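Beneath this line is the structure, given in structure tokens, with notes to follow.
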Amino acid sequence: MGESDSQRTFHLFLADLVLSGLVLYAGYLSYEALKKGTDIKDWLKFWITFGMSGLLIFLLDNILYDMAIYPEMKIGWYAFLIFGKGGRIMYDSFLEENIGKAAAFIKEKLNKAKAEAKKATGQ
5 MGESDSQRTF HLFLADLVLS GLVLYAGYLS YEALKKGTDI KDWLKFWITF
55 GMSGLLIFLL DNILYDMAIY PEMKIGWYAF LIFGKGGRIM YDSFLEENIG
105 KAAAFIKEKL NKAKAEAKKA TGQ
């Protein structure tokens with residue numbers, strides 16, 4: 005038997021509360037790393053991975069919303085990123101190369117847009 009609407013809402017609320025706590029804790033650990041001058045690169049990799057996974061999470065939220073275990077999967081993903089050094093692992097194995105490719109493309113398009121804007125305004 006599935007969850008009632010009110011149980012599901014409470015379940016999602018608790019999951020969001022835990023996720024918010026994890027993000028706050030990651031912010032605190034980042035602050036401590038900056039203060040001590042240790043693990044700064046690892047935390048930067050975490051935040052890049054966290055930001056990039058936001059798009060994936062947004063899409064999955066809409067697709068997997070009705071899946072009963074989905075909130076726990078999200079908590080597991082964020083816990084992996086924070087406690088399992090998942091940010092470093094994902095960045096080093098996948099994101100670094102792909103962000104580099106995307107960055108070159110974005111930079112090229114921005115430079116083209118800037119040139120066209122200057123041309124249009126007569127600068």
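Taken in order, the sequence shown gives residues 5 to 127; the numbers are from my numbering.
Just so it is clear, CB atoms sit at the ideal spot from N, CA and C, and this is done for glycine as well.
For clarity, every value in this text was computed on a predicted model and none was experimentally measured.
- prompt: With DSSP run on the structure shown, which of helix, strand or coil describes Asp-46?
  reply: In the structure shown, the three-state DSSP call for Asp-46 is helix.
task: Can you grab the Cα-Cα spacing for the pair Ala-72 / Ile-52, in whole Å?
output: 28 Å
task: Could you name the residues of the same chain whose beta carbon sits closer than 8 Å to that of Ile-128, not counting the 5 residues immediately before and after it, in chain order?
output: The chain is shown only over 5 to 127; residue 128 falls outside these bounds and no answer can be derived.
message: With distance defined between alpha-carbon atoms, name the residue in Ser-97, Asp-65, Thr-125 and Ser-8 nearest to Lys-78.
response: Asp-65
query: Anyone know if the C-beta pair for Phe-54 and Gly-91 falls short of 8 Å?
result: yes
query: Roughly how many angstroms separate the alpha carbons of Tyr-82 and Leu-23, rounded to a whole number?
result: 7 Å
task: Consult DSSP for Asp-65 and reduce its assignment to one of helix, strand or coil.
output: helix
task: Could you pull out every residue in the same chain whose Cβ sits closer than 6 Å to the Cβ of Trp-208, ignoring the five residues on either side in sequence?
output: Lying outside 5 to 127, the shown extent of the chain, residue 208 is not represented and no answer is given.
Cβ neighbour criterion (16 or more within 10 Å) applied to Tyr-95: The residue is buried, with at least 16 neighbouring Cβ atoms inside 10 Å.
- prompt: Is it true that the CB of Pro-75 sits closer than 8 Å to the CB of Leu-16?
  reply: yes
message: At the level of alpha carbons, what is the spacing between Lys-123 and Gly-104?
response: Spanning the two alpha carbons is a distance of roughly 29 Å.
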